[in-house]
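Enquirer:
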Amino acid sequence: MQFIKPDINIDFIGKRKLALIISLVLILVGFASLVRHGGPHYGIDFAGGTLVQVQFERQTDAAEINSALGSLDLGVPVVQSFGDGSNEFLIRVERTTGELQGISVQITDTLEQSFGAGQVEVRRVEMVGPQVGKDLRNKGMLAIFYAMLGILAYISWRFEFRFAVGAIIALLHDVLITLGMFSLFAKEIDLPIIAAFLAIIGYSLNDTIIVYDRIRENLGKHNKESFTFILNRSINETLSRTIITSGTTLLVVLSLFVLGGGVIHNFAFAMLVGVLVGTYSSIFVASPLLLLWQKKSGKTA
Amino acid sequence: MSKSLNIRGLVVLFCLLLSLFALVPTMMRGDVPAWWPETFGPIQLGLDLQGGMHLVLGVDVDKAVESRVDTIIDQTDIRLNEQDIIYKRIERRQGDRLVIQVYDEDEGRKVEALMRDEFPALEPASMTGAGGYIEKHFRLSDDEIENIKDYAVRQALETMRNRVDQFGVSEPTLQRQTGYRILIQLPGVDDPDRAISLLGKTARLEFKMVDESANIQEALAGRLPEGTQLLYERSTNRATGVETEIPLVVSAQTILTGDLLADANVRIDSRFNEPYVSIDFNAVGARRFDQITAANVGRRMAIVLDDTVYSAPVIRERISGGSAQISGSFTSQQATDLAIVLRAGSLPAPVEVLENRTVGPSLGQDSIDSGIQSIWVGALMVLVVIIIYYQLSGLIAISALVMNLFFIAAMLSMFGATLTLPGLAGIVLTVGMAVDANVLIFERIREELALGRAPKLAIESGYAKAFSTIIDANLTTLLAALVLFQFGTGPVRGFAVTLSIGIIASLFTAIFVSRFIFDFYLKNRNIKRLSI
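Chains A and B supply the protein sequences, listed in that same order.
The first sequence begins at 1 in the working numbering and counts up by one.
The second sequence begins at 302 in the working numbering and counts up by one.
Put into structure tokens, the structure is as follows:
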């Protein structure tokens, strides 16, 4: 079976202006959302805070939990329902304390008083102090930075410097759009999301390299043809592979998103956006960038 | 050709058998001879999957420095009196500074000589005159301060290790981290609140004499007699369960500390059927306790733990046996925990909780279930797509994929890596990406076939041409995974581990194993048309 005929010839590069507009719109929409919310919406891993995941024996709702917690001096707790069952909730407060019996104990004690002993099961507690949060944030940023640096070096060594720059810009493009989507859908950036970002970087790069590899090969084979022709031909030749691999990866990520459970939900969301954007960018961003570079250096030479 | 085929077959077979061998303890859990899991441990689950507690505690090292200065002040006080040096006051300022006020230069020089001889770790800082007095300042050297801090963290770690051992948690992890922090991981702990207070309680036990002459009302208003402090005695009414706090003025001087304890045990009071903690002093402590009780018959002695008075009994007679009891309306669990912390020793400085991640066992199991389910469903969907698209060759890719999962599990066991929830996500992701290598190869083979090459030749050049692409693509992803491993903490590391292992395993299965299956299948057949 074949989706893509071997003689397919779509003019991808010709649509680079449209692609540029689409990319800019996606980035700007995400950026606007980021600005409106005053930066990324950090989860407690990075912002510091206390999170308690509780399951109730009987049906309840966020309003009831909020009023039960009203007597505590905790600022405004954010209560949201967790997973598909309506009797499991995440309670998050910004405050932390270094005391041994921390805020989580206060919260569960108060809930037990309102709902009765044995009615409340604490499934998860996370408390991250502000200092640790800051450390984790710095580490995360550093991780992404070093990954990009390593990639730049590797591609410069295996290909050429211009390929490396193209790949890195495509990666930044993917991460920026995913970041924007997180802000747009009001999802929190947590430690696992940094892992997801690095996985997106890995995946998108994988995709870009496969196209670049074909470009490199075709540059040697068809040295009489125009650069635009070579780019188009390379993308078309790898199109079948791009669709199958993206498709299978999307399938598993989708399965993770739907079935993976609440804890991993945001991670799967990031991957979902990342795989889609990563596939798009290796065709419509990474390759046209090479053309742009070619034209620029052609003029100056 | 056929010889190399045999060798490659043996390599694949060896890897399969080795993996099976490594996975037996994971699959059979407990039903295997003991040497087996010792060689290849069962796959370890992270705290987020098996439930448990991850704590980062920060040791308040500045407090350790302060208390060292306080100790030096006590000793200096004694020495100054012994040598009949007249001084007005001796006190600690700004944490690490010791100040002695004297009346004239002569005494000042004596003080300096004494300090130089007795406490060489102290540096004379500066000398100021204040209101007709001369102040001699001393401070601990930076090296000494660093030593004290370092020792405090080491001692805290040691004490916590003792406490955890007595608490009875299987396979706890206690590690020192930079910045005076201690990382503690307690898998499967079922009462996290109890564990945290057991670990973090300073447990500084002190005996102080009660100052009966002080006026409590005055003291509550903040006017304390010199050399005393205000503490509260906490007690719970047995019948109503109401907690009360009674203010008590005690002498600031500690006459005996928990450092001199030899043992602590829970006993049951026969009159009220209530638990108490019986403590035994070591030889030095017993002698001191003997002297103190002999000298203070009829007065009250407060037993103070972390600045809370547990009880303040009247000394009725001299106690020479070296044992005492701490009663204070405990529940039996409280008494047990108190005995544990007293036996294990006190922390050199208070600690605070910097990070706490606790996952209950039920959530962990849910995460495992949904994680495994999403792996199966994801893998099944990939399987269907690949077989429809590539037919018989797709079947080869799928066998490679299944072997891939098998190898990943085996490597997790062999490297003693920990499987976390993001780790499971890493495996799911690998399933999606592992077929990529085979897709690349198959697309190349199709291109070669389209050029009119015979199947055998097409396969050969398909593998050859795809090889460098696959290596480049996977090595860069591996690069990202390794960076993640280097900078990641906890669960994120788990993701990096499975992703790296997954990439290595998929390189092997997609390039080596699938090629072997092709060659094996085509060995003695002359295939005209390849099912791809």
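Ideal placement from N, C-alpha and C gives every residue a C-beta, glycine not left out.
Give the DSSP bridge partners of residue 364 of chain B, in chain order.
Expert: As a first step, residue 364 of chain B is located in the second sequence; it is residue number 63 there, counting from the start. Partner(s): none; residue 364 of chain B has no beta bridge.
Enquirer: Is there a C-beta anywhere in chain B that falls below 8 Å from the one on residue 151 of chain A?
Expert: Locating residue 151 of chain A in the first sequence gives position 151, where the first residue counts as 1. At least one chain B Cβ lies under 8 Å of residue 151 of chain A.
Enquirer: Using beta carbons (cut-off 8 Å, strictly below), is residue 774 of chain B in contact with chain A?
Expert: Against the second sequence, residue 774 of chain B aligns to sequence position 473. So yes, residue 774 of chain B belongs to the interface.
Enquirer: Closer than 8 Å, CB to CB, is residue 477 of chain B near chain A or not?
Expert: To locate residue 477 of chain B, count along the second sequence from 1; it is residue 176. No, no contact with chain A.
Enquirer: Between the segment 262-290 of chain A and chain B, which residues of the former have a C-beta closer than 9 Å to a C-beta of the latter?
Expert: So the list reads 262, 263, 264, 267, 268, 271, 275, given in the order they occur along the chain.
Enquirer: Tell me, please, whether the segment 641-656 of chain B touches the segment 351-365 of chain B by the rule of three or more beta-carbon pairs shorter than 8 Å.
Expert: Result yes; three or more Cβ-Cβ pairs closer than 8 Å.
Enquirer: Step through the CB atoms of chain A and report whether any lies within less than 8 Å of the CB of residue 494 of chain B.
Expert: Mapped onto the second sequence, residue 494 of chain B falls at position 193. Taking Cβ atoms only, chain A reaches closer than 8 Å to residue 494 of chain B, which makes this a yes.
Enquirer: Here's the rule: buried if 16 or more other CB atoms are within 10 angstroms of the residue's CB, otherwise exposed. What is residue 300 of chain A?
Expert: Position 300 of the first sequence holds residue 300 of chain A. Here residue 300 of chain A scores only 45 on pLDDT, less than 50, and its place in the model should not be relied on; the value that follows carries that caveat. That one is exposed.
Enquirer: Which residues in the same chain have their Cβ closer than 6 Å to the Cβ of residue 302 of chain B, if we skip the five residues on either side of it in sequence?
Expert: Position 1 of the second sequence, counted from the first residue, corresponds to residue 302 of chain B. For residue 302 of chain B, the predicted structure reports a pLDDT of 49, less than 50, and the residue's modelled location is therefore unreliable. A value from the coordinates is still provided. Correct list: empty, nothing qualifies.
Enquirer: Any idea what DSSP makes of residue 801 of chain B, helix, strand or coil?
Expert: For the purposes of this step, residue 801 of chain B is taken as the residue at position 500 of the second sequence. The answer is helix: DSSP assigns residue 801 of chain B an H, G or I state.
Enquirer: Going by DSSP, what residue range makes up the beta strand (DSSP E) through residue 581 of chain B?
Expert: Position 280 of the second sequence, counted from the first residue, corresponds to residue 581 of chain B. It spans 575-582 - the beta strand (DSSP E) in which residue 581 of chain B sits, taken as one unbroken run.
Enquirer: Closer than 8 Å by C-beta to residue 145 of chain A: which residues in its own chain qualify, once you throw out the five before and the five after it? Chain order, please.
Expert: Taking the first sequence and counting its residues from 1, one reaches residue 145 of chain A at position 145. Answer for residue 145 of chain A: no residue qualifies.
Enquirer: For residue 206 of chain A, which residues in chain B fall below 8 Å Cβ to Cβ?
Expert: The sequence position of residue 206 of chain A within the first sequence is 206, counting from 1. Near residue 206 of chain A (Cβ distances below 8 Å), the residues of chain B are 734, 737, 774, 775, 777, 778.
Enquirer: Against chain B, with Cβ distances strictly below 8 Å, would residue 203 of chain A count as a contact?
Expert: By 1-based counting over the first sequence, the position of residue 203 of chain A is 203. Taking Cβ atoms only, chain B reaches closer than 8 Å to residue 203 of chain A, which makes this a yes.
Enquirer: If you scan the segment 727-813 of chain B from start to end, which runs of the alpha helix (DSSP H) of 4 or more residues do you find wholly inside it?
Expert: Qualifying alpha helix (DSSP H) stretches, in chain order: 756-788, 791-808.
Enquirer: Which whole-angstrom value describes the C-beta separation of residue 294 of chain A and residue 227 of chain A, a residue pair presumed to lie in contact below a C-beta threshold of 8 Å?
Expert: Here the question's residue 294 of chain A lines up with position 294 in the first sequence. Here the question's residue 227 of chain A lines up with position 227 in the first sequence. Sure, about 5 Å apart at Cβ, within 8 Å.
Enquirer: Any beta carbon of chain A sitting closer than 8 Å to that of residue 587 of chain B?
Expert: Translated into positions along the second sequence, residue 587 of chain B becomes position 286. Cβ-Cβ to chain A under 8 Å: no for residue 587 of chain B.
Enquirer: Any beta carbon of chain A sitting closer than 8 Å to that of residue 424 of chain B?
Expert: The sequence position of residue 424 of chain B within the second sequence is 123, counting from 1. No, no contact with chain A.
Enquirer: Taking the beta strand (DSSP E) that residue 438 of chain B belongs to, which residues open and close that run?
Expert: Residue numbering aside, residue 438 of chain B sits at position 137 when the second sequence is read from its first letter. It spans 434-441 - the beta strand (DSSP E) in which residue 438 of chain B sits, taken as one unbroken run.
Enquirer: How would you list, in chain order, the residues of chain A whose beta-carbon sits under 7 Å from the beta-carbon of residue 744 of chain B?
Expert: For the purposes of this step, residue 744 of chain B is taken as the residue at position 443 of the second sequence. Chain A residues near residue 744 of chain B: 240, 241.
Enquirer: Could you check whether the segment 702-720 of chain B touches the segment 789-805 of chain B, counting it as contact only if at least three pairs of C-beta atoms, one from each stretch, sit closer than 8 Å?
Expert: As far as the Cβ criterion goes, the segment 702-720 of chain B touches the segment 789-805 of chain B, which means the pair count is three or higher.
Enquirer: Counting contacts by CB-CB distance shorter than 8 Å, is residue 690 of chain B in contact with chain D?
Expert: Of the protein chains in this structure, namely A and B, none is chain D.
Enquirer: Are at least three pairs of beta-carbons, each pair with one atom in the segment 216-226 of chain A and one in the segment 707-715 of chain B, less than 8 Å apart?
Expert: Touching, no, given that fewer than three Cβ pairs across the two stretches are closer than 8 Å.
Enquirer: Taking 8 Å as the cut-off, decide whether the C-beta atoms of residue 37 of chain A and residue 188 of chain A are in contact.
Expert: The residue labelled residue 37 of chain A in the question sits at position 37 within the first sequence. The residue labelled residue 188 of chain A in the question sits at position 188 within the first sequence. The answer is no: Cβ separation not under 8 Å.
Enquirer: Per DSSP, residue 488 of chain B forms a beta bridge with which residues?
Expert: The residue given as residue 488 of chain B occupies position 187 in the second sequence. Per DSSP, B/353.
Enquirer: Is it the case that the Cβ atoms of residue 810 of chain B and residue 708 of chain B are separated by a distance below 8 Å?
Expert: Start at 1 with the first residue of the second sequence, and residue 810 of chain B comes out as number 509. Start at 1 with the first residue of the second sequence, and residue 708 of chain B comes out as number 407. Yes, Cβ-Cβ distance for residue 810 of chain B and residue 708 of chain B is below 8 Å.
Enquirer: Taking the straight line between their C-alpha atoms, what separation do you get for residue 5 of chain A and residue 740 of chain B?
Expert: Position 5 of the first sequence, counted from the first residue, corresponds to residue 5 of chain A. Position 439 of the second sequence, counted from the first residue, corresponds to residue 740 of chain B. Distance between the alpha carbons of residue 5 of chain A and residue 740 of chain B: 16 Å.
Enquirer: By the 9 Å beta-carbon criterion, what residues does the segment 69-99 of chain A contribute toward chain B?
Expert: Residues passing the 9 Å Cβ filter: 83, 96, 97, 98, 99.
Enquirer: I need the boundaries of the beta strand (DSSP E) containing residue 611 of chain B, first residue and last residue.
Expert: Residue numbering aside, residue 611 of chain B sits at position 310 when the second sequence is read from its first letter. From DSSP, the beta strand (DSSP E) with residue 611 of chain B extends over 609-612.
Enquirer: In the structure shown, what three-state DSSP assignment does residue 181 of chain A receive?
Expert: In the first sequence, residue 181 of chain A corresponds to position 181, counting from 1. Residue 181 of chain A: helix per DSSP, three-state reduction.
Enquirer: Compute the distance between the beta-carbons of residue 174 of chain A and residue 210 of chain A, then report whether it is under 8 Å.
Expert: As a position in the first sequence, residue 174 of chain A is number 174, starting the count at 1. As a position in the first sequence, residue 210 of chain A is number 210, starting the count at 1. Not in contact: residue 174 of chain A and residue 210 of chain A (Cβ atoms no closer than 8 Å).
Enquirer: Determine whether the beta carbon atoms of residue 500 of chain B and residue 465 of chain B lie at a separation below 8 Å.
Expert: For the purposes of this step, residue 500 of chain B is identified with residue 199 of the second sequence, where counting begins at 1. For the purposes of this step, residue 465 of chain B is identified with residue 164 of the second sequence, where counting begins at 1. Contact flag set, yes.
Enquirer: Alpha carbon to alpha carbon, how far is residue 203 of chain A from residue 766 of chain B?
Expert: What you label residue 203 of chain A is simply residue 203 of the first sequence in a count that begins at 1. What you label residue 766 of chain B is simply residue 465 of the second sequence in a count that begins at 1. For residue 203 of chain A and residue 766 of chain B, the distance between alpha carbons rounds to 21 Å.
Enquirer: Using the three-state DSSP reduction, which class does residue 603 of chain B fall into: helix, strand or coil?
Expert: The residue labelled residue 603 of chain B in the question sits at position 302 within the second sequence. If DSSP states are grouped into helix, strand and coil, residue 603 of chain B belongs with the strands.
Enquirer: Check for me: the alpha helix (DSSP H) holding residue 277 of chain A runs from which residue to which?
Expert: Along the first sequence, one-based indexing puts residue 277 of chain A at 277. Residue 277 of chain A -> alpha helix (DSSP H) spans 265-284.
Enquirer: May I ask you to verify whether the segment 62-70 of chain A touches the segment 99-117 of chain A, counting CB pairs closer than 8 Å and requiring at least 3?
Expert: Segments in contact, yes.
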